[in-house]
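Line by line, the protein sequences give chains A and B.
Just so you know, the first sequence maps onto residues 11 to 487 in the working numbering.
Just so you know, the second sequence maps onto residues 62 to 360 in the working numbering.
C-beta atoms are modelled at their ideal positions from N, C-alpha and C, and glycine is treated no differently.
Here the structure comes first, spelled out in structure tokens, and everything after it is commentary.
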Amino acid sequence: MFFNSLSFAIFLPIVFVLYWFVCNKNKTTQNTLLIIASYYFYSCWDWRFLFLLVFSTFLDYYTGIRIEKSRKESGRKFWFWLSIGINLGFLGLFKYYNFFAASFAELMQGFGLKTSPFLLDVVLPVGISFYTFHGLSYVIDIYYKRIKAEYNFVDYSLFVSYFPLLVAGPIERATHLLPQVKVKREFDFGRAKEGIYQMLWGLFKKVVIADTCATYANAIFDHYETMNSLSLVLGSVYFAFQIYGDFSGYSDMALGMSKLFGIDLLKNFNYPYFSRDIAEFWRRWHISLSSWFRDYLYIPLGGSKGGLWMKIRNTFIIFLVSGFWHGANWTYVAWGFINALYFLPLLLSKSNRNNLDTVVLDKSWNSVKTITSILITFVLTCLAWIFFRAKTITDAVLYINNMFTNNHYTSQYLTNERYNYELIILVLVFVIVEWNNRTKVEPISGKYQTIKLAFCLAAIITLGTYSDYKEFIYFQF
Amino acid sequence: MKKFLLFTIKTIFIIILLAVLLDYSYTSIYLKSSNRNKIEYVYNSQPQNYDVVILGSSRANNHFVSEMFEQKGLKTYNYGMSGGHLFEASLMLKLMLERNYKIKNIILETDLNLSNEHQAEGVAARYLPYFHVSETVRKHFEKESDFKELYYIPFYRYIKYETRIGFREVFFGLINKKSKLLDHGGYYSLGNKKGNMKNDISTLKPLKNKYYEEIKQLCRQHNINLIAVMTPMCENTKGMNYFDKVKKSYPEIHNYENTVIEDKYFSSCGHMNDAGARMFTAKIIEDFFNKQSNIQTSF
Chain A
11 MFFNSLSFAI FLPIVFVLYW FVCNKNKTTQ NTLLIIASYY FYSCWDWRFL FLLVFSTFLD
71 YYTGIRIEKS RKESGRKFWF WLSIGINLGF LGLFKYYNFF AASFAELMQG FGLKTSPFLL
131 DVVLPVGISF YTFHGLSYVI DIYYKRIKAE YNFVDYSLFV SYFPLLVAGP IERATHLLPQ
191 VKVKREFDFG RAKEGIYQML WGLFKKVVIA DTCATYANAI FDHYETMNSL SLVLGSVYFA
251 FQIYGDFSGY SDMALGMSKL FGIDLLKNFN YPYFSRDIAE FWRRWHISLS SWFRDYLYIP
311 LGGSKGGLWM KIRNTFIIFL VSGFWHGANW TYVAWGFINA LYFLPLLLSK SNRNNLDTVV
371 LDKSWNSVKT ITSILITFVL TCLAWIFFRA KTITDAVLYI NNMFTNNHYT SQYLTNERYN
431 YELIILVLVF VIVEWNNRTK VEPISGKYQT IKLAFCLAAI ITLGTYSDYK EFIYFQF
Chain B
62 MKKFLLFTIK TIFIIILLAV LLDYSYTSIY LKSSNRNKIE YVYNSQPQNY DVVILGSSRA
122 NNHFVSEMFE QKGLKTYNYG MSGGHLFEAS LMLKLMLERN YKIKNIILET DLNLSNEHQA
182 EGVAARYLPY FHVSETVRKH FEKESDFKEL YYIPFYRYIK YETRIGFREV FFGLINKKSK
242 LLDHGGYYSL GNKKGNMKND ISTLKPLKNK YYEEIKQLCR QHNINLIAVM TPMCENTKGM
302 NYFDKVKKSY PEIHNYENTV IEDKYFSSCG HMNDAGARMF TAKIIEDFFN KQSNIQTSF
């Protein structure tokens with residue numbers, strides 16, 4: 011059941027009505043309803059994976075309590091590592107086992123040894139990377155005594171399986187979400203309206219921007235050998251907007267619908283393509299994951315406190331792991347590596363925290379500099395996205411090579427029966443709208459909101475792509 | 062909560078209003094457009110006189126060179142539609158007759174498309190703008206499983222088939238952008254082979270096809286000479302006995318599957334290139350139109 015499906019359009023209002031009109035007595039009834047709805051939502055993909063979700067929930071709930079109750083350090087350590095081991099074990103088994111087994115076999119083949127690896131015939135459970143990270147952060151925080159263990163199983167279950175964030179985040183923190191589910195939520199019209207606007211804007215980003223860009227990006231990436239330079243450049247730009255529209259659109263929908271239930275989720279995107287350097291980009295892109303890795307990997311590794319080599323090592327580790335988190339393929343690792351390379355000069359020159367303020371333009375030379383920085387960052391990001399999108403690293407390298415050596419900048423008719431340049435206007439309009447609203451969560455609220463709402467709805471109805479590309483990219487992670 | 066209910070009602074009202082207005086606007090544009098595809102070309106046309114009309118799928122569209130018929134003095138148009146099935150060909154003929162077309166001969170490509178009675182969504186979608194204004198179109202779709210939602214929910218058909226009749230196509234209709242599909246008497250030539258010259262049609266089974274029967278009946282009623290033909294496939298096709306099965310079910314269909322066989326005359330296994338199409342058309346003209354008195358009929 012996708013957020014942009016008809017079944018979800020029926021599911022959400024039913025849960026909303028039951029939540030505010032039937033189960034509104036206290037927070038327990040509210041939470042129980044949301045858990046039932048969440049489990050139903052999750053089982054719509056594959057009910058068998060529900061057992062995995064329940065098991066993961068119970069594991070972290072129980073080990074969290076045991077860590078807190080253990081008086082001896084050895085006991086705390088035992089429960090901590092048990093939880094970490096099982097959580098990562100499941101993730102590794104479902105997501106990475108086949109990849110490592112196949113890679114090992116390939117490596118052996120390189121040495122002339124033929125092996126036939128035992129591969130698992132399993133489907134990756136939807137959202138496993140997300141709810142595993144929820145659980146991990148919870149257990150780690152308890153172990154380091156940052157938070158208290160949650161003794162109410164209903165409240166904890168909701169923290170892990172709350173349906174707006176269950177399958178593709180944002181990756182929540184116990185410190186942020188648990189306090190909200192521990193109190194009865196009261197209906198707030200302003201917040202609910204904001205939620206609807208944010209959902210609609212998210213839907214716009216998904217069906218109008220991401221899915222439309224996808225038809226072009228796929229046509230170009232799948233036939234990159236026959237594409238000219240202009241098509242290849244546009245292909246990478248279209249993919250950049252596809253993945254942004256897809257994932258930030260999903261996040262907006264998740265945040266917006268959560269507001270309908272009186273719960274605020276962590277902001278996941280903050281107009282990343284207006285970043286002035288890569289460090290800023292990573293502070294604005296998939297914020298909940300970046301901050302997770304910062305808090306639970308980068309800082310424990312020593313962060314940027316150690317010597318030069320320590321800093322470089324930690325930077326590469328965090329980007330490589332981040333790439334690998336996205337999927338079991340060397341292309342993601344390469345994508346992480348490239349981003350680490352981009353980040354390194356900023357780190358070494360201690361300018362990685364230069365751009366913390368909101369971008370402001372005026373009529374000074376500084377604005378020209380800012381715009382240039384934004385464009386350079388975007389170009390670098392697009393180049394890295396080629397590795398993310400390509401099927402293999404060789405494909406990505408050939409794609410870039412063709413892009414720079416073909417030198418033909420003419421229009422090309424693509425397999426999606428469109429010309430390569432046709433989408434440029436839509437993308438530009440989208441960029442302008444985002445730029446003008448970069449200090450807000452969504453562009454609909456404020457002055458003339460009814461008119462803007464009508465425009466947004468009209469765009470969703472008329473410009474959306476509905477015949478294909480329904481799945482959100484990040485569901486596969 | 063009352064405020065929120067009002068807000069929700071307002072939003073739903075805006076959606077419904079937009080759907081109705083957009084549906085009306087799109088339909089109005091399609092009712093005036095006639096140079097984007099063959100369906101609207103026929104729908105918005107005046108009565109025509111043809112010696113030969115060609116119907117069928119891409120294997121008609123890419124295989125019958127209209128210009129060669131014209132050179133013989135036969136007023137011809139190729140109404141074959143890429144991706145189309147007999148469902149769409151039958152409706153096309155109904156629309157032509159409704160518009161008082163006078164047709165002497167119809168060449169109908171009847172081979173692989175006999176194996177199913179489904180609509181080809183990509184092509185059938187182009188009829189949907191006329192749902193509410195044409196009884197013929199409405200009746201033709203009436204038994205389709207998604208008829209009710211497409212017919213009653215405003216704008217739904219334009220959303221569901223946005224790649225075919227959505228914003229882009231409406232925009233081109235509005236600015237009167239001409240499509241190449243209507244050039245060369247409707248014939249669309251293909252270039253030389255690009256891909257693998259092999260095909261497997263062993264799983265296909267020719268049916269007693271409802272829409273083929275419908276076309277036959279319409280031709281009988283309107284005294285149109287129907288010439289049903291099977292068109293060539295490349296040599297490396299698995300399951301070539303399919304054409305024998307067609308011949309067994311429908312002896313009146315002329316088998317031209319073997320007329321052109323060499324790969325150099327094909328663009329893909331099921332589609333001849335321009336050279337192949339010209340060889341094939343020459344053979345058809347020779348067999349059916351050299352002496353008007355010798356015309357063979359399919360019934």
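Beta bridge counterpart(s) of residue i as assigned by DSSP
i	result
ILE167(B)	VAL114(B), LEU287(B)
TYR429(A)	TYR423(A)
HIS332(B)	SER329(B)
ASN316(B)	MET291(B)
Within-8 Å CB hit, residue i to chain A
i	result
LEU189(B)	no
ALA80(B)	yes
ILE76(B)	yes
THR224(B)	yes
MET62(B)	yes
PHE228(B)	yes
THR320(B)	no
ILE214(B)	no
LYS221(B)	yes
Assigned secondary structure, residue i (DSSP; H/G/I helix, E/B strand, else coil)
i	result
SER261(A)	helix
ILE346(B)	helix
SER477(A)	coil
THR137(B)	strand
SER127(B)	helix
SER126(A)	coil
MET142(B)	coil
ASN412(A)	helix
THR298(B)	strand
ASN177(B)	coil
ASP56(A)	coil
ASP363(B)	What the structure shows of chain B is the stretch from 62 to 360, and residue 363(B) is not part of that stretch, so it cannot be assessed.
PRO267(B)	coil
PHE216(B)	coil
TYR251(B)	Here residue 251(B) is Leu; the residue named in the question, Tyr, does not match the sequence. The answer is coil: DSSP assigns LEU251(B) none of H, G, I, E or B.
Interface flag, residue i vs chain B, CB-CB below 8 Å
i	result
TRP211(A)	no
LEU473(A)	yes
PHE199(A)	yes
ALA464(A)	yes
ILE442(A)	no
TRP302(A)	no
LEU433(A)	no
SER455(A)	no
TYR476(A)	yes
Residue i, buried or exposed, once every other Cβ within 10 Å from all chains shown has been counted against 16
i	result
ALA462(A)	It should be pointed out that residue 462(A) corresponds to Lys in this sequence rather than to Ala. Buried, because 16 or more other Cβ atoms sit within 10 Å of the Cβ of LYS462(A).
HIS201(B)	buried
SER377(A)	exposed
ASN355(B)	With a pLDDT of only 48 at ASN355(B), under the threshold of 50, the placement of this residue in the model should not be trusted; the figure read from the coordinates follows. When all chains shown are included, ASN355(B) counts as exposed.
GLY120(A)	exposed
MET237(A)	buried
PHE110(A)	exposed
Minimum C-alpha distance to residue i - residue among the options
i	options	result
HIS336(A)	ILE454(A), VAL170(A), SER300(A), GLY456(A)	SER300(A)
MET142(B)	LEU135(B), GLU131(B), SER118(B)	SER118(B)
PHE65(B)	ASN14(A), PHE12(A), VAL27(A)	VAL27(A)
GLY183(B)	LYS221(B), ALA289(B), SER310(B)	LYS221(B)
GLY252(B)	CYS330(B), PRO190(B), MET129(B)	CYS330(B)
SER195(B)	ARG160(B), GLU347(B), MET301(B)	ARG160(B)
PRO189(A)	SER298(A), TRP295(A), TYR72(A), LYS37(A)	LYS37(A)
SER240(B)	LEU83(B), TYR91(B), MET62(B), ARG97(B)	ARG97(B)
ASN139(B)	ALA80(B), GLU178(B), TYR217(B), ASP244(B)	ASP244(B)
CYS54(A)	GLY312(A), PHE21(A), GLY200(A)	PHE21(A)
MET348(A)	TYR254(A), ILE396(A), TYR154(A)	Looking at the sequence provided, one finds Ile at residue 348(A) rather than Met. Nearest of TYR254(A), ILE396(A), TYR154(A) to ILE348(A), Cα basis: ILE396(A).
LEU287(B)	THR342(B), ASP112(B), SER86(B), LEU78(B)	ASP112(B)
TYR161(A)	GLU78(A), MET413(A), TYR29(A), ARG428(A)	GLU78(A)
ASN412(A)	TRP292(A), GLU235(A), TYR106(A), LYS82(A)	GLU235(A)
Chain E residues whose Cβ lies nearer than 8 Å to that of residue i
i	result
LEU243(B)	The structure shown contains no chain E; its protein chains are A and B.
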